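Input: a single structure, listed below in structure tokens.
Protein chains: 2
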Amino acid sequence: MIRVLLADDQAMVRGALATVLGLENDIEVVGQVGSGDEVVAAAREAKPDVALLDVQMPGKDGLEAAADLRAALPSCRVIICTTFGRPGYLARAMAAGAAGFVVKDAPPEQLVEAVRRVHSGLRVVDPALAAESLATGASPLTGRERDVLREAKDGSTVADVARALHLSEGTVRNHLSAAIGKTGARTRAEAVRVSEERGWL
Amino acid sequence: MIRVLLADDQAMVRGALATVLGLENDIEVVGQVGSGDEVVAAAREAKPDVALLDVQMPGKDGLEAAADLRAALPSCRVIICTTFGRPGYLARAMAAGAAGFVVKDAPPEQLVEAVRRVHSGLRVVDPALAAESLATGASPLTGRERDVLREAKDGSTVADVARALHLSEGTVRNHLSAAIGKTGARTRAEAVRVSEERGWL
DNA sequence: GGGCACCCCTGACACTTGTCACGACGAGGT
DNA sequence: ACCTCGTCGTGACAAGTGTCAGGGGTGCCC
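Respectively, the protein sequence lines represent chains A and B. My numbering puts the first sequence at residues 1 to 201. My numbering puts the second sequence at residues 1001 to 1201.
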């Protein structure tokens, strides 16, 4: 019996996936949570063999949760299961010690397969996504550029960002300019969009 | 037997939902599609009693698909099932003739319930969302303001928008200014964010 | 017909942004 | 010690943006 822990903020898909996995006679869903913060606690409780984590969740990110989980329960293997096949997500998932990466565009059987393979010690990665990840490369953004971009994401002005980060407005503009250049964008909004698509957020 | 058609771009959740629904002994999933454009054709083929449509899909929108479906097969009832409980979505879904509106945050049983209720002629709407929808009110944006905002969404400059819509730059700026005022924003980016949150896109 | 709302345009103004050149500091590697 | 890189800052300039006051056009409704 493979013991599985599910983490996804959308109760409906979480429940549906639990049902699908539960139908397999070598898989047992031993826990479900709806936020990244609950993952480690639930895992300590349920002692799963495999944890299936969504990336976008309230509270802690699925990728952060993966890292925490690896640290707390090294025996528990992690699969990241996400809506968006962002190249950067894959890279960060691997860095966080995940053993598998599945996109929700794939058919459900692939998820079941992934659970089995990961449990048996293999790694599971979408080949197309892996190729794209290599092609896109790692993020060229420096830490500060990322901060500034993230702060500007929801439409703040330079002054807002400067205040939030305790920086001079000129510095913010410089960082933004650099980020715009590196992303090949022409506007800060475009730079945000590109960076998000690539998972450089 | 209630015949159900599923439309969702994410194969994994589509498949999982199909499994969950199929387990009920009064429900039968008679078709699945992954884009809005295929909905009507599939419905003609499968003759479902209830169609379950996601909002965000490649090609035609779930809301547009709902309207088309109502026109083509008036006997088929429609449930909109979406990730985001945007107030504007609910309003548009109702305008498109949908009989139900379910958010994916809700537990799976609620989906099954919704299918049964809708099939028996009732309407199903999340009460909290309905309240929010009434509170937020209808979109104050004029058609053109919406167009301009949508065009500016991905970070285009005024010049880009003007070219795309065959307008003068001054006109674009005026529309943007009006939209910014109506949304209570201070930046075009903020206006886009607010409008999207409210479902005014 | 007279409002009214929407659409399109113009021109002008203040302000914000994006870019560039430049200097200074500290951390890291050779 | 040297160089590189990231970080923070300044100052200045061109371009883009947001706002305002106008004007003209259409279609709708009382």
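Just so you know, even glycine gets a beta-carbon here, dropped at the ideal spot from N, CA and C. From a predicted model like this one, the values you see are computed outputs, not experimental measurements.
Contact belief for residue i with residue j at Cβ below 8 Å, rounded distance in angstroms
i, j, result
"Ser-1168/B", "Ala-1162/B", "6 Å"
"Ala-152/A", "Arg-188/A", "6 Å"
"Gly-88/A", "Ser-139/A", "6 Å"
"Ser-133/A", "Leu-90/A", "5 Å"
"Leu-176/A", "Val-148/A", "6 Å"
"Ile-1079/B", "Leu-1063/B", "That pair is no contact at about 12 Å."
"Ile-1002/B", "Val-1050/B", "6 Å"
"Arg-1077/B", "Val-1118/B", "5 Å"
"Ala-1072/B", "Arg-1044/B", "7 Å"
Buried or exposed (CB count within 10 angstroms, at least 16 for buried), residue i
i, result
"Asp-1061/B", "buried"
"Ala-1096/B", "buried"
"Asp-1054/B", "buried"
"Phe-101/A", "buried"
"His-166/A", "exposed"
"Gly-1015/B", "buried"
"Gly-1036/B", "buried"
"Gly-1143/B", "exposed"
Length of the line joining the Cα atoms of residue i and residue j
i, j, result
"Thr-1136/B", "Gln-1110/B", "25 Å"
"Ala-1098/B", "Ala-18/A", "29 Å"
"Pro-1108/B", "Met-1057/B", "21 Å"
"Leu-141/A", "Arg-1150/B", "28 Å"
"Ala-1178/B", "Val-1194/B", "14 Å"
"Thr-83/A", "Val-103/A", "6 Å"
"Thr-157/A", "Thr-1171/B", "23 Å"
"Ala-66/A", "Glu-145/A", "25 Å"
"Arg-70/A", "Leu-1129/B", "38 Å"
"Val-4/A", "Ser-75/A", "13 Å"
"Met-210/A", "Gly-1022/B", "No answer is possible for residue 210/A: the residues shown for chain A start at 1 and end at 201."
"Ile-1027/B", "Pro-1127/B", "25 Å"
"Arg-1173/B", "Ala-1046/B", "48 Å"
"Gly-1155/B", "Lys-1182/B", "20 Å"
"Leu-1201/B", "Arg-186/A", "23 Å"
Residue i and residue j closer than 7 Å at C-beta
i, j, result
"Asp-105/A", "Ala-1042/B", "no"
"Glu-196/A", "Val-112/A", "no"
"Ala-1191/B", "Ile-1180/B", "yes"
"Leu-52/A", "Gln-32/A", "no"
"Gly-30/A", "Pro-48/A", "The question names Gly, but residue 30/A in the sequence shown is Val. Yes, the pair counts as a contact, with Cβ atoms nearer than the cut-off."
"Gly-1199/B", "Arg-1086/B", "yes"
"Gly-34/A", "Asp-9/A", "yes"
"Val-1013/B", "Val-13/A", "yes"
Beta-bridge partners of residue i, as assigned by DSSP
i, result
"Ile-1080/B", "Leu-1053/B, Phe-1101/B"
"Glu-1028/B", "Arg-1003/B"
"Val-124/A", "Gly-100/A"
"Val-40/A", "Paired residue(s): none; Val-40/A is not in a bridge."
"Val-33/A", "Ala-7/A"
Residue i beta carbon near the ligand NAD (any heavy atom closer than 6 Å)
i, result
"Phe-1084/B", "You won't find the ligand NAD in this model; it holds no ligand whatsoever."
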